[in-house]
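Participant: Residue numbers (the working numbering), protein chains in the order written: chain A, 195 to 445; chain B, 4 to 158.
#1: Apart from the five residues on each side of it in sequence, which residues of its chain come closer than 7 angstroms, Cβ to Cβ, to residue 414 of chain A?
#2: Contact criterion: CB-CB distance below 7 angstroms. Does residue 471 of chain A meet it with respect to chain B?
#3: Can you give the Cα-Cα distance for residue 265 of chain A and residue 271 of chain A, rounded to whole angstroms?
#4: Pair every Cβ in the region 244–253 of chain A with every Cβ in the region 336–343 of chain A, then say whether three or more of these pairs are closer than 8 angstroms.
#5: Could you work out which residue in A:259, A:308, A:359 is closest to residue 395 of chain A when comparing CA atoms only?
#6: When the Cα atoms are used, what is the spatial distance from residue 225 of chain A to residue 303 of chain A?
#7: By Cβ distance below 6 angstroms, which residues in the same chain neighbour residue 216 of chain A in space, the five residues on each side in sequence not counted?
#8: Does residue 343 of chain A come within less than 7 angstroms of chain B when only Cβ atoms are used?
#9: Curious, which full-length alpha helix (DSSP H) runs of at least 4 residues does the region 206–266 of chain A contain?
#10: Confirm, please, whether the CB-CB distance from residue 330 of chain A to residue 244 of chain A is below 7 angstroms.
#11: Can you tell me whether DSSP reads residue 200 of chain A as helix, strand or coil?
#12: Residue 411 of chain A and residue 404 of chain A: beta carbons closer than 7 angstroms?
#13: CB residue 341 of chain A to CB residue 367 of chain A, shorter than 7 angstroms?
#14: Can you tell which of B:150, B:131, B:154, B:138 has its C-alpha closest to the C-alpha of residue 343 of chain A?
#15: Secondary structure at residue 296 of chain A, three-state DSSP: helix, strand or coil?
#16: Return the chain-ordered list of same chain residues with a C-beta closer than 7 angstroms to the C-beta of residue 392 of chain A, the five sequence neighbours on each side being excluded.
#17: Within its chain, find whatever has a CB closer than 8 angstroms to the CB of residue 153 of chain B; leave out the 5 residues flanking it on each side and keep chain order.
#18: Does the beta-carbon of residue 426 of chain A have 16 or more other beta-carbons within 10 angstroms, so that it is buried, or is it exposed?
#19: Taking the alpha carbon of residue 222 of chain A as the reference point, which residue from A:276, A:322, A:437 has its own alpha carbon closest?
#20: Select from A:308, A:378, A:402, A:201 the residue whose C-alpha is nearest the C-alpha of residue 218 of chain A.
#21: Just tell me which of A:361, A:438, A:423 has its CA closest to the CA of residue 444 of chain A.
#22: Beta-carbon within less than 6 angstroms of residue 239 of chain A's beta-carbon, same chain only, minus the 5 sequence neighbours each way: which residues are those?
#23: Less than 7 angstroms between the beta carbons of residue 369 of chain A and residue 408 of chain A, yes or no?
#24: Near residue 259 of chain A, what residues of its chain come up, given a Cβ to Cβ distance below 7 angstroms and the 5 sequence neighbours on each side ignored?
#25: List the residues of chain B that residue 350 of chain A touches, going by C-beta distances under 7 angstroms, in chain order.
#26: Look at the alpha carbon of residue 220 of chain A and the alpha carbon of residue 282 of chain A, and state the distance between them as a whole number of angstroms.
#27: With distance defined between alpha-carbon atoms, name the residue in A:441, A:438, A:383 nearest to residue 290 of chain A.
#28: For residue 341 of chain A, list the residues DSSP reports as bridge partners.
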């Protein structure tokens, strides 16, 4: 019975206004690797936070920092903004890092940071781990030998319940919506909160894209499942404000 | 696009909701376990004792069996609280310890639903949930969330 001897190193870190769970399922000592991941997450927050007036993004917003200089200060700034532009194109504008004249790549940064955190753990030699940033996660390898990761999707209308599961190896799962804070994802086309979809979960290989697609799916509404049918490797589960659920073909 | 039948009904009790969730998604986790600040734990899977600072209503035995009581969840029919028993990380028993009993219809449904809830939980015990995905978990929202229960209980 593997469960009794399952090696597990769990660390919980508060950062970016949310909670990150780092859960390494390989045997051995992972304190140093986990420390690197924690430092990475706080570094991302310092550079990309829209809540911190001294972050590179805030300074760019105020016109105090040019993109080239921000990029010099942190070589990932341009990469993240490029990714935002790419996703904006893919989603037909449903995802954007520029809302009402404000630069806000937040919808992509967390997923990107978590995916990079998973790569960091791989560089330290971990093959099996989860990095979960407030419900958006990159899962490496499997949960235990011979068993894939199993992710419970929370009911947006009752967060104490799980209403579906997603399983997989080397996979990312993200969920966006207003379950906890109420509708807060702005529809860039109307500048009003999108309310038709209470929660959108996306599963696919990369959390950077899964997370941004989940945000875009909330804006798109129920048609998002059909849209994701056309995106190779990504699947969606949508729950409407009325509680009806629909999924793309491969969920 | 296909429709997915899910546990969302409006005319029956919260217990039947829990039961239906069981039917469709193959695992049950109690509503919530409270937690305190950041913690690091290296352990050996499900037999690990919950970390210091946890206020979960849980107890462990030497065989890796533990009981976790979720927070009471307010449904539109009244509060529901579920207790589950885990053996080596698998759900072996589930029981509603608080449930609606306001009217004869509630009691009639409960008489059926509570044993069925337990049965479903046990038959689904081979499935495990490792992580929770939900919209916009804030630091505040994490406390009392399913993910915090998993992190603390070491399911």
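Glycine residues also receive a C-beta, built at the ideal position from the N, C-alpha and C atoms.
Remember, predicted model here, so these are calculated numbers, not experimental data.
Facilitator: So, to answer that:
#1: 288, 421
#2: The structure shown does not extend to residue 471 of chain A, since chain A is modelled only from 195 to 445, so the question has no answer here.
#3: 5 angstroms
#4: no
#5: A:359
#6: 25 angstroms
#7: 205, 228, 231, 325
#8: yes
#9: 225–242, 250–255
#10: no
#11: coil
#12: no
#13: no
#14: B:131
#15: strand
#16: 350, 351, 371, 372, 373, 433, 434, 435
#17: 32, 132, 133, 134, 135
#18: exposed
#19: A:322
#20: A:201
#21: A:423
#22: 209, 210
#23: yes
#24: 250, 253
#25: 138
#26: 37 angstroms
#27: A:383
#28: A:338
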